[in-house]
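Novice: To get my numbering, take the position in the sequence shown, counting from 1, and add 112. Okay, handing you the structure first.
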Amino acid sequence: MNALIRFSQFVGSTFAVWALVFAVLAFVLPEGFTWIAPYISILLGIIMFGMGLTLKLSDFKQVVKAPKPVLVTVLAQYTIMPLISILLVWAFQLPAEIAIGVILVGCTPGGTSSNVMTFLAKGNVAVSIAATSISTLLAPVITPMLTLLLASALLPVSFMAMFISIVQIVLIPVVLGIFVNYLLGERVEKVVGVLPLVSVIGIIGVIAAVVSTNVQNIIETGLLIFAVVILHNLLGYAAGFLLGKVLNFKVQDQKAVSIEVGMQNSGLAATLATAHFSPIAAVPGAIFSVWHNISGSLVANWMSKIKNDEEGTDAQKETGQTEEIIT
């Protein structure tokens, strides 16, 4: 079991490499991966259940102890990234089906890999965990609402259909995971050690399925989508960091806000695009899934060299175990 846990942690820490490798394989040999497409929702549900297993009720205490950084981060998550997505859609005059994929990425909650990147950046992990958790629990209402508001002029958007999808593949698995963690307590810890492997397999499956079913679309629009995805992600990091600085947050909180805002649950965006729109609408989410883990690692490395305020570092030490959380 220990060997499996070590292997799981290795795979989790090198996720960006595996995501890139399998994205390329799915592009070159699509027939080997198209069979995964019908199982995208199930894969994401498993990932979300794993996220729930890593959460404890105590993780939400950060909202009471220091509510401002957490609430600002959640608010920024659901305002900055959607606004940037609309700006990019307008600036690049994107076709409707690609545009709605970009908007979906902007309207999703924070990705759980942001918790790992915040840890590596020596940021406030407690803020990151609480913000990810709250934005994820709010997603069934806010994600379809924002998508309806921002994208209904491009393509028909059904709030209720998206609401039901997110409840099924995000909310129920996460809440169930939290409940199992609460019920079993310390007995869950051994399973948690294997979760990085499960999460990596799940999200790579989503990426490979989307890429393999969109080879021609990627050939025709790949450079454009890559440019938009990279700008979306980098502008999110910059806007989040600037917001934390303007509000005079501690340096470690500035890092958490920046990474939390810049990293999206793009697997959810790809899943929703596949279920409710067209296959090409899922491509921005799939590419974002690969890219933001590469950029997140680089940004975390850079931020780790920025000296933190002395006050508040104990919160990070207490949550050092989040190094094992990844999607």
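The beta carbon of each residue, even a glycine, is placed where N, CA and C say it ideally should be. Here the structure is a predicted model, which is why all the values come from computation and not from measurement.
DSSP on Q364, reduced to helix/strand/coil?
Specialist: helix
Novice: Would you mind stating whether L355 and A188 have Cβ atoms separated by less than 8 Å?
Specialist: yes
Novice: Can you check which of these residues, P221, G235, T185, F119, is closest to V411 by C-alpha distance?
Specialist: Closest option to V411, judged by alpha-carbon separation, among P221, G235, T185, F119: G235.
Novice: Where M229 and T126 are concerned, what is the direct C-alpha to C-alpha distance, given to the nearest angstrom?
Specialist: About 12 Å.
Novice: Check this for me: beta carbons of F389 and E209, under 8 Å apart or not?
Specialist: yes
Novice: Please report the Cβ distance between S240 and A368, rounded to the nearest whole angstrom; I am assuming they are in contact, meaning their Cβ atoms lie under 8 Å.
Specialist: 5 Å
Novice: Taking the C-alpha atoms as reference points, what is the distance between G374 and L347?
Specialist: 7 Å
Novice: In the DSSP assignment, what are the bridge partners of Q376?
Specialist: G222
Novice: Would you mind stating whether M274 and L169 have Cβ atoms separated by less than 8 Å?
Specialist: Not in contact: M274 and L169 (Cβ atoms no closer than 8 Å).
Novice: Would you grab the beta carbon distance between A91 and G397 for me? Rounded to a whole angstrom, and I think it's under 8 Å.
Specialist: Nothing can be reported for residue 91: it is not among the residues displayed for the chain, which extend from 113 to 439.
Novice: Check L359 in the structure and name its three-state DSSP category.
Specialist: coil
Novice: Please give me, in chain order, every unbroken run of the alpha helix (DSSP H) with length at least 4 that falls completely inside the segment 214 to 298.
Specialist: 225 to 232, 237 to 263, 271 to 278, 284 to 296
Novice: For the segment 292 to 339, which segments carrying the alpha helix (DSSP H) assignment without a break, of at least 4 residues, lie completely within its bounds, in sequence order?
Specialist: 301 to 304, 307 to 324
Novice: Between the Cα of S277 and those of L295, V253, S378, spot the shortest distance and give me the residue it belongs to.
Specialist: Comparing Cα-Cα distances from S277 to each of L295, V253, S378, the minimum goes to V253.
Novice: I want to know whether the segment 202 to 218 touches the segment 256 to 264 - three or more CB-CB distances under 8 Å.
Specialist: yes
Novice: Kindly indicate which three-state DSSP category Y445 falls into: helix, strand or coil?
Specialist: The first residue shown for the chain is 113 and the last is 439, placing residue 445 beyond what the model contains.
Novice: Are at least three pairs of beta-carbons, each pair with one atom in the segment 146 to 166 and one in the segment 337 to 353, less than 8 Å apart?
Specialist: no
Novice: Where does F389 fall in DSSP's three states?
Specialist: coil
Novice: Straight-line CA distance for I192 to P181?
Specialist: 15 Å
Novice: For my contact list, V310 and G162 are in at a C-beta cut-off of 8 Å; report their separation, rounded to the angstrom.
Specialist: 6 Å
Novice: For K417, which three-state DSSP category applies?
Specialist: K417 falls in the coil class under three-state DSSP.
Novice: Taking all protein chains shown into account, decide if L296 is buried (16 or more other Cβ within 10 angstroms of its Cβ) or exposed.
Specialist: Exposed: under 16 other Cβ atoms inside 10 Å.
Novice: By how many angstroms is the C-alpha of L137 removed from the C-alpha of A128?
Specialist: 14 Å
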